[in-house]
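Visitor: So that we are looking at the same thing, I have put the structure below in structure tokens.
Number of protein chains: 2
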Amino acid sequence: MAVTLKDIAEKVGVTESTVSRVLNGIPKASEKTQKKIFKVAAELGYNPNQIARSLVTKETKTIGLIISDLANTYFARVASGIEKIASKYGYSLVISTTGGQENAELKYINLLQEKRVDGLLFASGKMPVSCRKLLIKSEIPTVVVAREVAEELPSVHIDNVKESYRAVEYLIKAGHTKIAMISGSAVDKESGAYRIQGYKKALNDNNLEIKEDLIVEGNFKLASGIRAMNKLLQINKNITAVFAASDEMGVGAIKAIKKAGLKVPHDISVIGFDNNIISLASEPELTTISQPEEKLGQQAMEMLYKVIKEQPLTAHKIYLPCQLIKRNSVQSII
Amino acid sequence: MAVTLKDIAEKVGVTESTVSRVLNGIPKASEKTQKKIFKVAAELGYNPNQIARSLVTKETKTIGLIISDLANTYFARVASGIEKIASKYGYSLVISTTGGQENAELKYINLLQEKRVDGLLFASGKMPVSCRKLLIKSEIPTVVVAREVAEELPSVHIDNVKESYRAVEYLIKAGHTKIAMISGSAVDKESGAYRIQGYKKALNDNNLEIKEDLIVEGNFKLASGIRAMNKLLQINKNITAVFAASDEMGVGAIKAIKKAGLKVPHDISVIGFDNNIISLASEPELTTISQPEEKLGQQAMEMLYKVIKEQPLTAHKIYLPCQLIKRNSVQSII
DNA sequence: AAACTTTAGTCAAGCGCTTGTCTTAAATTA
DNA sequence: TAATTTAAGACAAGCGCTTGACTAAAGTTT
Numbered sequence: 001m002a003v004t005l006k007d008i009a010e011k012v013g014v015t016e017s018t019v020s021r022v023l024n025g026i027p028k029a030s031e032k033t034q035k036k037i038f039k040v041a042a043e044l045g046y047n048p049n050q051i052a053r054s055l056v057t058k059e060t061k062t063i064g065l066i067i068s069d070l071a072n073t074y075f076a077r078v079a080s081g082i083e084k085i086a087s088k089y090g091y092s093l094v095i096s097t098t099g100g101q102e103n104a105e106l107k108y109i110n111l112l113q114e115k116r117v118d119g120l121l122f123a124s125g126k127m128p129v130s131c132r133k134l135l136i137k138s139e140i141p142t143v144v145v146a147r148e149v150a151e152e153l154p155s156v157h158i159d160n161v162k163e164s165y166r167a168v169e170y171l172i173k174a175g176h177t178k179i180a181m182i183s184g185s186a187v188d189k190e191s192g193a194y195r196i197q198g199y200k201k202a203l204n205d206n207n208l209e210i211k212e213d214l215i216v217e218g219n220f221k222l223a224s225g226i227r228a229m230n231k232l233l234q235i236n237k238n239i240t241a242v243f244a245a246s247d248e249m250g251v252g253a254i255k256a257i258k259k260a261g262l263k264v265p266h267d268i269s270v271i272g273f274d275n276n277i278i279s280l281a282s283e284p285e286l287t288t289i290s291q292p293e294e295k296l297g298q299q300a301m302e303m304l305y306k307v308i309k310e311q312p313l314t315a316h317k318i319y320l321p322c323q324l325i326k327r328n329s330v331q332s333i334i
Numbered sequence: 001m002a003v004t005l006k007d008i009a010e011k012v013g014v015t016e017s018t019v020s021r022v023l024n025g026i027p028k029a030s031e032k033t034q035k036k037i038f039k040v041a042a043e044l045g046y047n048p049n050q051i052a053r054s055l056v057t058k059e060t061k062t063i064g065l066i067i068s069d070l071a072n073t074y075f076a077r078v079a080s081g082i083e084k085i086a087s088k089y090g091y092s093l094v095i096s097t098t099g100g101q102e103n104a105e106l107k108y109i110n111l112l113q114e115k116r117v118d119g120l121l122f123a124s125g126k127m128p129v130s131c132r133k134l135l136i137k138s139e140i141p142t143v144v145v146a147r148e149v150a151e152e153l154p155s156v157h158i159d160n161v162k163e164s165y166r167a168v169e170y171l172i173k174a175g176h177t178k179i180a181m182i183s184g185s186a187v188d189k190e191s192g193a194y195r196i197q198g199y200k201k202a203l204n205d206n207n208l209e210i211k212e213d214l215i216v217e218g219n220f221k222l223a224s225g226i227r228a229m230n231k232l233l234q235i236n237k238n239i240t241a242v243f244a245a246s247d248e249m250g251v252g253a254i255k256a257i258k259k260a261g262l263k264v265p266h267d268i269s270v271i272g273f274d275n276n277i278i279s280l281a282s283e284p285e286l287t288t289i290s291q292p293e294e295k296l297g298q299q300a301m302e303m304l305y306k307v308i309k310e311q312p313l314t315a316h317k318i319y320l321p322c323q324l325i326k327r328n329s330v331q332s333i334i
């Protein structure tokens, strides 16, 4: 089987503890023995058993990531950002995907606790109370990323209200007054809901009337954008602009508008959200709000590292700014 | 600190071994004690220490994934497929990203070995000899996914030559004879190179001349597709179709063609590769070869599971078929 | 009733490391 | 030169669990 400290110790003629210390760079041996130990270790192809080490040190150098869906570009990028920083600090990442299902989330929190991860990152759906309780009880350092609700937990995210506000305000400043919205699923306290909130606030602050039938719900996907836009086109209240809560839906909207024989942005302007690569593929290219997914992940991991090292269980929140990317799908009408 | 078997044992009045057996469902206790043990375990909020268990069972229920880049849709989907099946079999996934760097790959193979993962999935760049050696020496069950080179190791991938051949053949059957190619980076034995091979073979088998200057290299990204197409347009040998080795480049090509005042597919037909969501966003929608990324991941994990359970170190290879997705970017000219 | 099985446990070793304490010989100091 | 410090290492316990071997009492068989 695998070679152990004992094997090295015997071959060199010292005890395990000496070998352990030397291999860990604790200076407790003569140059000679050190050399010998390193040499024998290399000869034997020694590969330390991190499991055994973890058992005594109570550190696994592993952090758990509970995430909704890896196949989703957005989450994949967040994960990517997390992984980079984790790796920088010498941590491995174990990833569990939940599809946003509460029971899966619960299950994985438990599992990761059994694995004794040093910390936990939560980037799944809206965090249910049950999860929060379990997390807090487990005492695992945790930070929540990319989700709005995290009362007792430190978290990093974007300000969906503010960023949506910015998108809609941009439309308003371009002279639009009949602005529709294609929202994502508007579940309470999730990004979809906050984006609607931002839309309404922008209208309100600019003395524009909020018409509920101009808000039609999609599911963030392209096809749903097409459907939603078609519905909007039927209602037709002379809208001149639409704010889509995702780029996929934005592109869908553009396609629907064009199919209806109208022109973007000449007849209707469209603005999206995410700055997905898809926004560059559409014709015209989609003006959008760019989210800092990678940075979100990086910041979250940096934060988690601090929590692990210093244990300040403060429910600290940080917001990362987005950027308005102007392209060709919005036209000024003043 | 955390509650252990010992704590439960003491409170119930039995030994640790009894508690362990009961909690693991090994029937070695009376109904009464069993009930009591479960009750006390729940009361105390017992959460088994998988580290300690792993130390003795030599199983971590963890598999390692070495992958090139999570932010890349393609790999993210492969990873997603892997995760699903891993989870089905009760394994966790620890992910390391390498950016295709050989030293990073080596480093992570070592790291994952230290963590005593039960198996390893390799989905990084072209696998260097050094990695293969290390992997084989480590004796960790390994399967390679989404990469063409894996001589001594079991692997699952698509047949890039064949699928590219199919794309080009489709163009030829539509009457095209002047077909250009926008290739990905053509590093030896990587997908980019194989796709070129498929392109050439298709031309060859159909008695069409291969002109090296009609193959221009991109890097799989959208912007490189635009650049490449512009170059092609300059050369201008009356090409009527182009095969792009990725959808991003395909969409880039379409944009370039349109910008040059020509029409797709009226003047030039374009076919892509991947079936990325981007292919649906472009105008016209891009005809392409659809890769089964998720399935690739799933199959690889299924395969790994078998290897772990049965240890047949056979260098088994499996190829998953792709699909030609016909949309509107290719026109028949006969 | 003696011999054998079962049941319900106990006991102890061991997985591969780390780490605090102790020991001995050499090096330094007064 | 005797006393003290330091260097180089040995010793042993322990992390939390699993598991094979053993035991004592109860139940079953003939």
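As given, the protein sequences belong to chains A and B, one line each in that order. Every letter in the first sequence is one number past the one before it in this note's numbering, and letter 111, counting from 1, is 111. Every letter in the second sequence is one number past the one before it in this note's numbering, and letter 135, counting from 1, is 135. For every residue, glycine included, the Cβ atom is placed at its ideal position computed from N, Cα and C. Since the structure is predicted, the reported quantities are computational estimates derived from the model, not experimental observations.
Along chain A, which residues have their Cβ under 8 Å away from the Cβ of ASN47(B)?
Guide: Within chain A, the residues near ASN47(B) are ASN110, GLN113, GLU114, SER138.
Visitor: Check whether the segment 135-149 of chain B touches the segment 62-75 of chain A, counting contact only when three or more Cβ pairs, one atom from each stretch, lie closer than 8 Å.
Guide: Output reads no: the segment 62-75 of chain A does not touch the segment 135-149 of chain B.
Visitor: For the alpha helix (DSSP H) that PHE352(B) lies in, which residues bound it at each end?
Guide: Residue coverage of chain B in this structure runs from 1 to 334, which leaves residue 352(B) outside it and unanswerable.
Visitor: I'd like to confirm the pairing. Which residues does DSSP put opposite PHE243(B) in its beta bridges?
Guide: BP columns for PHE243(B) point to MET181(B), ILE271(B).
Visitor: Who are the Cβ neighbours of LEU5(B) in its own chain at under 7 Å, not counting the five residues just before and after it?
Guide: Closer than 7 Å at the Cβ level, and outside the excluded window around LEU5(B), lie GLU16, VAL19, SER20.
Visitor: Along chain A, which residues have their Cβ under 9 Å away from the Cβ of GLN299(B)?
Guide: Those do not exist, as GLN299(B) stays about 16 Å from chain A at its closest Cβ, beyond 9 Å.
Visitor: If contact means a Cβ-Cβ distance below 8 Å, which residues of the segment 49-61 of chain B contact chain A?
Guide: Listed in sequence order: ASN49, GLN50, ILE51, ALA52, SER54, LEU55, THR60.
Visitor: Using a threshold of 8 Å, state whether the C-beta atoms of VAL144(B) and SER130(B) are closer than that.
Guide: No, the Cβ-Cβ distance between VAL144(B) and SER130(B) is not below 8 Å.
Visitor: Return the Cβ separation of SER269(B) and ALA244(B) in integer angstroms, given the expectation that the two are a contact with Cβ distance under 8 Å.
Guide: Their Cβ separation, rounded to whole angstroms, is 11 Å, which puts SER269(B) and ALA244(B) out of contact at 8 Å.
Visitor: Are the CB atoms of SER54(A) and GLY297(A) nearer to each other than 8 Å?
Guide: Result no, Cβ atoms of SER54(A) and GLY297(A) do not sit closer than 8 Å.
Visitor: What are the uninterrupted segments assigned as alpha helix (DSSP H) that are 4 or more residues long and contained completely in the segment 35-70 of chain B, given in chain order?
Guide: Those alpha helix (DSSP H) runs which fall completely within the segment 35-70 of chain B and span 4+ residues are 50-57.
Visitor: If we count the other Cβ atoms within 10 Å of its Cβ and call it buried at 16 or more, is LYS115(A) buried or exposed?
Guide: Classification for LYS115(A): buried.
Visitor: Within this structure, are the beta carbons of GLN347(A) and ASN204(B) separated by less than 8 Å?
Guide: As shown, chain A starts at 1 and ends at 334. That puts residue 347(A) outside it, with no answer to give.
Visitor: So which residues on chain B does GLN294(A) lean against when the C-beta distance must stay under 8 Å?
Guide: The identity of residue 294(A) in the sequence shown is Glu, whereas the question assumes Gln. Within 8 Å Cβ-Cβ: ALA71.
Visitor: Can you tell me where the beta strand (DSSP E) with SER30(B) in it begins and where it stops?
Guide: From DSSP, SER30(B) is part of no beta strand (DSSP E); its letter is neither H nor E.
Visitor: To the nearest angstrom, how far is the alpha carbon of LYS237(B) from that of LYS178(B)?
Guide: Going by the C-alpha atoms only, they are around 8 Å apart.
Visitor: If you count every other CB in all the chains shown that lies within 10 Å of the CB of SER194(B), and 16 or more means buried, which is it?
Guide: A small fix is needed here, since residue 194(B) is Tyr in this sequence, not Ser. Counting Cβ neighbours within 10 Å, TYR194(B) comes out buried, since at least 16 surround it.
Visitor: Determine the DSSP secondary structure at TYR91(A), reduced to helix, strand or coil.
Guide: TYR91(A): coil per DSSP, three-state reduction.
Visitor: Three-state secondary structure (DSSP) at GLN298(B)?
Guide: GLN298(B) falls in the helix class under three-state DSSP.
Visitor: Taking C-beta pairs closer than 7 Å, name the residues in chain B that ILE95(A) reaches, listed in chain order.
Guide: Under the 7 Å cutoff, chain B gives GLU83, LEU93, ILE95.
Visitor: Any beta-carbon of chain B closer than 8 Å to the one on ARG381(A)?
Guide: For chain A, the structure presents residues 1 to 334; residue 381(A) sits outside this window and is missing.
Visitor: Pick out whichever of LEU106(B), ILE109(B), GLY119(B), ARG77(B) has its Cα sitting closest to the Cα of LYS306(B).
Guide: Comparing Cα positions, the closest option is GLY119(B).
Visitor: Since ALA167(A) contacts ALA146(A) with CB under 8 Å, what's their CB separation in whole angstroms?
Guide: Wrong, their Cβ atoms sit about 18 Å apart, outside the cutoff.
Visitor: How long is the line joining the alpha carbons of GLY192(B) and ALA186(B), rounded to whole angstroms?
Guide: Their backbone Cα atoms lie some 5 Å apart in a straight line.
Visitor: Any chance the segment 88-101 of chain B sits against the segment 92-105 of chain A, with 3 or more Cβ pairs inside 8 Å?
Guide: Flag = yes, the segment 88-101 of chain B and the segment 92-105 of chain A touch.
Visitor: List, in chain order, every chain A residue whose beta-carbon is nearer than 7 Å to that of ILE352(B).
Guide: Shown here, chain B extends from 1 to 334; a query on residue 352(B) therefore has no answer.
Visitor: What would DSSP say about ILE257(B), mapped onto helix, strand or coil?
Guide: Here ILE257(B) sits in helix by DSSP.
Visitor: Could you tell me which chain B residues have their CB closer than 9 Å to the CB of SER80(A), listed as they occur along the chain?
Guide: Under the 9 Å cutoff, chain B gives ASP69, LEU70, ALA71, ASN72, ALA76, THR97.
Visitor: Since VAL202(A) and VAL216(A) are thought to touch, with beta carbons under 8 Å apart, how far apart are those beta carbons, to the nearest angstrom?
Guide: For the sequence presented, residue 202(A) should be read as Ala rather than Val. Not a contact, Cβ separation roughly 18 Å.
Visitor: Can you tell which of ILE8(A), ALA52(A), VAL56(A) has the C-alpha that lies nearest to the C-alpha of PHE38(A)?
Guide: For PHE38(A), the nearest C-alpha among the options comes from ILE8(A).
Visitor: Within this structure, are the beta carbons of LEU304(A) and ILE63(A) separated by less than 8 Å?
Guide: Taking 8 Å as the Cβ cut-off, LEU304(A) and ILE63(A) qualify as a contacting pair.
Visitor: Strictly below 7 Å CB to CB, what residues from chain B border VAL251(A)?
Guide: Within 7 Å Cβ-Cβ: ALA281.
Visitor: Starting from the beta carbon of LEU222(B), find every residue of chain A whose beta carbon is closer than 8 Å, and list them in chain order.
Guide: In chain order: ILE277, LEU280, ALA281.
Visitor: When DSSP builds the beta bridges, which residues end up paired with TYR199(A)?
Guide: Note: TYR199(A) sits in no beta bridge, so no partner.
Visitor: Measuring straight from C-alpha to C-alpha, what distance separates PRO27(B) and TYR74(B)?
Guide: Using only the alpha carbons, I get a separation of about 47 Å.
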